[in-house]
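All the letters of the sequence shown, read from the start, carry residue numbers 7 to 288 under our numbering.
To start, the structure itself, in structure tokens.
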Amino acid sequence: AAAKMNTVRIPVGYWITGFDNHPGGDPNGWKVYAPGAINYLDRAIREWAPKYNLLVLISLHAAKGSQNGNDHSSPADPGKSHWSSYPENVQNTLDAVEWLAKRYSTNDVAFLGIGLLNEPSGTTNEGVLKQYYYDAYGRIRLFSDCLLTVSPLLYQQGPYSSDWASFMPPPQFHGIRHEWHRYQIWGYEGWSKDRLISYAQNELRNDISEWKGNWLFIGEWSIASSASFNDDDLRLYAQAQINAFKGATGGWTYWTWKFYNDDGSINAWSMKAMVNRGFIQL
Numbered sequence: 007a008a009a010k011m012n013t014v015r016i017p018v019g020y021w022i023t024g025f026d027n028h029p030g031g032d033p034n035g036w037k038v039y040a041p042g043a044i045n046y047l048d049r050a051i052r053e054w055a056p057k058y059n060l061l062v063l064i065s066l067h068a069a070k071g072s073q074n075g076n077d078h079s080s081p082a083d084p085g086k087s088h089w090s091s092y093p094e095n096v097q098n099t100l101d102a103v104e105w106l107a108k109r110y111s112t113n114d115v116a117f118l119g120i121g122l123l124n125e126p127s128g129t130t131n132e133g134v135l136k137q138y139y140y141d142a143y144g145r146i147r148l149f150s151d152c153l154l155t156v157s158p159l160l161y162q163q164g165p166y167s168s169d170w171a172s173f174m175p176p177p178q179f180h181g182i183r184h185e186w187h188r189y190q191i192w193g194y195e196g197w198s199k200d201r202l203i204s205y206a207q208n209e210l211r212n213d214i215s216e217w218k219g220n221w222l223f224i225g226e227w228s229i230a231s232s233a234s235f236n237d238d239d240l241r242l243y244a245q246a247q248i249n250a251f252k253g254a255t256g257g258w259t260y261w262t263w264k265f266y267n268d269d270g271s272i273n274a275w276s277m278k279a280m281v282n283r284g285f286i287q288l
């Protein structure tokens with residue numbers, strides 16, 4: 007709150023519910039994860055966020071079977087995504103987001119909504135993904151008008167690459183945000199600082215302004231880079247991205263607020279460190 011933020015995005019795994027009602031795969035797989043996370047999510051939404059006048063957006067970051075095979079989705083089969091290949095995985099995810107929405111929708115004023123699935127990769131079936139979004143919306147809207155974000159496949163994060171701009175349009179669907187994670191890191195190795203700054207000032211800004219679908223939410227971004235920035239250029243790079251994101255009417259959240267070595271070191275993955283050192287100015 008002191009950094010002028012109003013929203014916190016909290017990633018969770020499917021095991022936070024403490025159940026898996028669908029046979030197939032490993033119905034006891036959720037039991038291998040550390041228990042007790044729900045207690046901290048409860049405190050974040052019911053105690054800490056209201057205290058500091060913040061809203062909380064939950065992100066379903068790790069779905070059963072993994073939607074992208076990356077470590078942050080906790081795949082049982084590293085590097086492989088099996089989420090969309092098995093109906094029991096999708097049903098488990100539907101149960102999880104419905105359970106979370108029911109838990110917080112009634113009396114918790116700091117609960118903003120749910121990101122229905124984080125970063126589904128190109129190996130995820132697009133048809134299954136879209137039907138999941140329809141089904142999740144249908145279940146949750148029976149009892150809640152909370153905000154819901156939908157993410158396209160990772161390679162579809164642009165204004166022209168797919169038909170996502172016409173997906174779940176208002177007024178038939180309400181409270182939907184379209185989520186992009188537009189990092190200039192992977193695939194940008196070898197780019198100079200000047201080229202990265204120019205990209206943020208031009209191509210990134212244009213892509214956002216050209217988007218014609220539901221309100222755009224930049225769920226993750228960072229000024230972390232393999233390029234060599236001096237202090238002034240890093241401030242310029244951060245401001246170029248923030249200026250571009252002003253065109254995203256659904257707002258943005260940074261990845262991430264806090265890193266393990268927030269001790270004054272320059273770690274661009276830590277928004278806290280970047281704000282404290284004056285590189286990110288809001």
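Backbone N, C-alpha and C define an ideal beta-carbon position, used for all residues, glycine too.
- Distance from the CA of Y46 to the CA of F235, rounded to the nearest whole angstrom, comes to 37 Å.
- Non-local C-beta neighbours of W275 in its own chain, meaning closer than 8 Å and more than five positions away in sequence, comprise S228, A230, W261, T262 and F265, ordered along the chain.
- For I224, DSSP records a beta bridge to W186 and W258.
- I191 sits in coil when the DSSP states are folded into three classes, being neither helix nor strand.
- The C-alpha of N12 is placed about 5 Å away from the C-alpha of L60.
- Per DSSP, A244 lies in no beta strand (DSSP E); the unbroken alpha helix (DSSP H) holding it starts and ends at D237 to F251.
- Between S65 and R15, the C-beta spacing is below 7 Å.
- Just measuring C-alpha positions, the residue of G219, E216, H180 and L210 sitting nearest A244 is L210.
- In terms of Cβ geometry, E104 and R145 form a close pair [threshold 7 Å].
- Cα atoms of K278 and D268: separation of roughly 7 Å, rounded to the nearest angstrom.
- For S150, no alpha helix (DSSP H) segment is defined, and its DSSP state is neither H nor E.
- Its chain contains I203 as the residues whose beta carbon lies nearer than 7 Å to that of L242, once the 5 sequence neighbours on both sides are disregarded; these appear in chain order.
- Counting the other CB atoms within 10 Å of its CB gives S72 a total of 16 or more, which places it among the buried residues.
- No Cβ-Cβ contact shorter than 7 Å links A116 with I22.
- Note on geometry: alpha-carbon atoms of K199 and A233 lie some 6 Å from one another.
- Straight across, the Cα-Cα distance linking E185 with S157 is about 5 Å.
- With respect to Y20, A102 sits close: the two C-beta atoms are nearer than 7 Å.
- Annotation: the continuous alpha helix (DSSP H) that includes P93 extends over P93 to Y110.
- In this structure, W221 places its C-beta atom within 7 Å of the C-beta atom of R183.
- Exclusion of the five residues before and after V96 leaves Y138 as the residues of its chain whose Cβ lies within less than 6 Å of its Cβ.
- Counting only residues of its own chain and dropping the five nearest sequence neighbours on each side, D83 has no CB closer than 6 Å to any other CB.
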